[in-house]
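Chain order of the listed sequences is P and R.
According to numbering that gives the first Met the number 0, the first sequence is numbered sequentially starting from 0.
According to numbering that gives the first Met the number 0, the second sequence is numbered sequentially starting from 0.
Note that the Cβ used here is the ideal one computed from N, Cα and C, for glycine as well.
The next block holds one structure in the form of C-alpha cells; read it before the comments.
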Amino acid sequence: MRSLLVAALLAFGLAAPAVADDPVVTITLRDHQFVPAEVPVPAGVKVKLLIKNEQQVTSEFESTSLHREKIVGAGTETSLYVGPLEPGSYEIFDDFNRATRGHLVVK
Amino acid sequence: MLPTAIIVFREVLEAALIVGIVMAASRGALRRGLWVSGGIAAGVLGACLVAVFAEAIAASAQGMGQELFDAAILFAAVGMLGWHNVWMSRHGRELATHANRLGNDVRSGARPLWALAFAVALAVLREGSEIVLFLYGIALGGNGGPVAMGVGGLIGLALGVAAGTAIYWGLVSIPMRLLFAVTSWLVLLLAAGLASQGAAFLMQADWLPALGSNLWDTSFLLSEQSLPGRVLHTLIGYTAQPAGIQLVFYLATLLVIGGLMRLVGAGERTAPAKRDGSAVSPAE
C-alpha cells in the first residue's frame with residue numbers, strides 16, 4: 000500500500016512539471032481568417048493551443064478530425080490541448096463562420 | 000440569413016433527433032408529451048442561463064470550464080438514457096403486450112419519464128446555449144440585421160424540428176411489439192455516442208489522454224461534416240477519425256448499460272415461460 004502511494008506521488012511529481020512544459024502554439028482569429036492559416040505544430044507531443052479571437056463576433060474553434068470544439072467569445076482568448084499528433088495536416092475551422100478555415104501542419 | 004439558418008439547423012439537429020427518439024421510446028406512456036415539452040422548456044431556459052454565464056463558465060477550472068461543463072452534461076444524459084433503458088428491459092415487454100389496455104396507463108405511470116425528460120433538457124441546453132451565443136454574437140456584430148437573423152434562425156429551427164419529426168414518424172411506424180426493442184437499441188447507441196463526445200471534451204481539457212489521436216480514418220467514406228455523417232454522429236456516435244479514448248468510452252458505455260439491461264431483463268425473460276416466439280425478440 001505504501002509503495003503504491005509512493006509510486007503515485009512519484010508519478011504525480013514527474014507528471015506535474017511535464018504539464019507546465021507543454022509547448023504552446025498561438026492561433027489568432029482576425030478578419031475571418033486564421034493567422035497563421037497554416038499553423039506549425041510539433042509532432043508526437045501534447046500541445047496547448049492558445050486561441051485569440053480578435054473579431055467582433057463569437058467564434059467556435061473546431062476541428063472534426065481532432066474532435067475539438069470550443070467557443071471563443073469576441074475579443075477573448077482561450078486554450079485547449081491537442082495531441083500527441085502524427086505528422087500530417089489537420090483542418091481547423093470556425094463553426095460559426097465556416098468560410099474561416101485553416102490547417103494544423105504537424106511535423 | 001442562409002448561413003444563420005444552416006448553423007442553427009446544425010445545432011438544433013442533434014437535440015431534435017434525441018427528442019424524436021425519446022418520443023418514440025416513450026410511446027403509450029401517460030403524459031409523455033407534458034414531460035418531454037417540459038424537458039425542452041427547461042433546456043431552453045437553461046441554454047439562456049448558460050449563455051449569460053458563458054464567460055464565467057469558460058474561465059473556471061483554469062480555462063477548461065467549458066469542456067468540463069459539456070462533459071458533465073453529456074455524461075448526465077448518458078446516465079439518464081441508461082437508467083431508462085435498464086428500466087425498460089424489465090418492463091418493456093409487458094408494456095408492449097398490454098399497450099392497448101386501459102390498465103397500462105397506471106403501470107406506465109411508473110415509467111421513468113423524468114429520466115427521458117432530463118436527457119432532453121440536457122440535449123437542448125447544450126445545443127441551445129451555442130445557438131444563443133452564436134445569435135447574440137451576430138446581433139452584436141451587426142451582420143445582416145435582426146430580421147435576416149430572426150428569419151434564418153427560424154428556418155434552421157424548423158428544419159431541425161422536421162428532422163426530429165421524421166425520425167419519430169419513422170420509428171412509430173414500427174409495430175408496437177418491436178418498437179421498444181428498436182428504441183432500446185437506438186437509445187443504447189445514442190448514449191454510447193454521447194459518452195464518446197464527453198470523452199473528447201475531457202481529452203481536450205487534458206483530463207484524459209488521447210490514447211491515439213486518430214485510430215482510423217473513414218472520412219473518405221462518410222465525412223462527419225456531411226448531413227448523413229452528422230445524423231449518424233448523433234444517432235450512433237459515428238466518428239470518422241476517433242481517438243482511442245473515445246472508443247474506450249463508447250465500448251464501456253455499451254458494455255455497462257447493455258450488461259445491466261441483460262442482467263435486469265433476465266428476471267423478466269424467465270418469468271413468462273413463453274419462448275416459442277423467441278426468434279423474433281432482438282431486444283436482448
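C-alpha distance - residue i paired with residue j, whole-angstrom precision
i, j, result
"residue 85(R)", "residue 242(R)", "28 Å"
"residue 165(R)", "residue 177(R)", "19 Å"
"residue 228(R)", "residue 87(R)", "29 Å"
"residue 216(R)", "residue 109(R)", "44 Å"
"residue 82(R)", "residue 263(R)", "11 Å"
"residue 93(P)", "residue 28(P)", "9 Å"
"residue 135(R)", "residue 114(R)", "31 Å"
"residue 180(R)", "residue 248(R)", "23 Å"
"residue 169(R)", "residue 62(R)", "42 Å"
"residue 139(R)", "residue 54(R)", "16 Å"
"residue 337(R)", "residue 188(R)", "Outside the shown range of chain R, which is 0 to 283, sits residue 337(R), and nothing can be said about it."
"residue 45(P)", "residue 202(R)", "11 Å"
"residue 56(R)", "residue 194(R)", "21 Å"
"residue 0(R)", "residue 132(R)", "16 Å"
"residue 80(P)", "residue 48(P)", "6 Å"
"residue 42(R)", "residue 65(P)", "28 Å"
Chain-ordered chain R contacts of residue i [CB-CB under 8 Å]
i, result
"residue 83(P)", "209 and 212"
"residue 33(P)", "Within chain R, no residue comes near residue 33(P); the closest Cβ sits about 17 Å away, beyond 8 Å."
"residue 103(P)", "Result: empty, since nearest Cβ-Cβ is about 11 Å, beyond 8 Å."
"residue 77(P)", "57, 62 and 65"
CB contact below 9 Å: residue i versus chain R
i, result
"residue 100(P)", "no"
"residue 59(P)", "yes"
"residue 106(P)", "no"
Chain P contact for residue i (CB, 9 Å cutoff)
i, result
"residue 125(R)", "no"
"residue 241(R)", "yes"
"residue 62(R)", "yes"
"residue 129(R)", "yes"
Exposed unless 16 or more other CB atoms sit within 10 angstroms - verdict on residue i
i, result
"residue 55(P)", "exposed"
"residue 207(R)", "buried"
"residue 20(P)", "exposed"
"residue 102(P)", "buried"
"residue 30(R)", "exposed"
"residue 31(P)", "exposed"
"residue 64(R)", "buried"
"residue 94(R)", "buried"
"residue 183(R)", "buried"
Proximal residues of chain R, C-beta to C-beta of residue i below 9 Å
i, result
"residue 72(P)", "53, 54, 57, 132 and 136"
"residue 88(P)", "Near residue 88(P) there are no residues of chain R at all, since even the closest Cβ is about 12 Å away, more than 9 Å."
"residue 51(P)", "The premise fails here: residue 51(P) is roughly 13 Å from chain R at the closest Cβ pair, so nothing lies under 9 Å."
Chain-ordered neighbours of residue i on chain P, where CB pairs are closer than 8 Å
i, result
"residue 159(R)", "Here the premise fails: no neighbours, minimum Cβ distance about 16 Å."
"residue 28(R)", "Per Cβ cutoff of 8 Å: no residues; residue 28(R) is ~34 Å from chain P at best."
Proximal residues of chain A, C-beta to C-beta of residue i below 7 Å
i, result
"residue 223(R)", "Judged by its chain identifiers, the structure shown contains no chain A, and its protein chains are P and R."
Chain-ordered neighbours of residue i on chain P, where CB pairs are closer than 7 Å
i, result
"residue 6(R)", "95"
"residue 199(R)", "66"
Contacts of residue i in chain P (Cβ-Cβ under 9 Å)
i, result
"residue 204(R)", "79 and 80"
Are the stretch 30-43 of chain R and the stretch 147-166 of chain R in contact at 8 Å, needing three or more beta carbon pairs?
no
Hey, is the stretch 65-74 of chain P in contact with the stretch 11-30 of chain R, meaning 3+ C-beta pairs nearer than 8 Å?
no
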